[in-house]
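*Asks:* What follows is a single structure, and I will ask about it in a moment.
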Amino acid sequence: MPSEFYGEAISEALLLQILDDSIQREEASLEVMCHPAFIDHAIMSSAYCHPRLAELEVLTSEALKYAVAERGYRLGTYRDV
Numbered sequence: 001m002p003s004e005f006y007g008e009a010i011s012e013a014l015l016l017q018i019l020d021d022s023i024q025r026e027e028a029s030l031e032v033m034c035h036p037a038f039i040d041h042a043i044m045s046s047a048y049c050h051p052r053l054a055e056l057e058v059l060t061s062e063a064l065k066y067a068v069a070e071r072g073y074r075l076g077t078y079r080d081v
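This is how it looks when you write it as structure tokens:
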């Protein structure tokens, strides 16, 4: 499946829709590739500079954290794999 969580469309609603779609497909897990970041001199030259800030804002939202848990997902890292 192509990554939907990318570019100008990044939002909490989009990520929750991706999770809901995964639930409908009865998937046991879901991997979401993301590149959140604070802006520094290296990132300022990236074409993906501003979307990284949007990703950071969405992915650190307290409301999103609870909405993800309500859907039965547990956030993890590669250590969990």
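Each residue of the sequence shown is one higher than the last, beginning at 1 in full-length UniProt numbering.
Note that CB positions come from ideal geometry on N, CA and C, so glycine has one too.
This one's a predicted model, so the numbers in the text were calculated from it and none came from an experiment.
Curious, which full-length alpha helix (DSSP H) runs of at least 4 residues does the stretch 5–44 contain?
*Replies:* 12–24, 41–44
*Asks:* Using 8 Å as the threshold, is the stretch 60–78 in touch with the stretch 9–17, meaning 3 or more CB pairs across them?
*Replies:* Yes: at least three Cβ pairs fall under 8 Å.
*Asks:* Can you tell me which of the three DSSP states Val-68 falls into?
*Replies:* By 1-based counting over the sequence shown, the position of residue 68 is 68. Note: Val-68 maps to helix in three-state DSSP.
*Asks:* Once you ignore the five residues that flank Met-1 on each side, which residues in its own chain have a CB closer than 7 Å to its CB?
*Replies:* Within the sequence shown, numbered from 1, the residue matching residue 1 stands at position 1. The predicted model places Met-1 with a pLDDT of 45, which falls under 50 and marks its position as unreliable, so this point remains unresolved.
*Asks:* Under a three-way DSSP split, which group does Tyr-78 fall into?
*Replies:* Here residue 78 refers to the residue found at position 78 when the sequence shown is read from its first residue. Helix, per DSSP.
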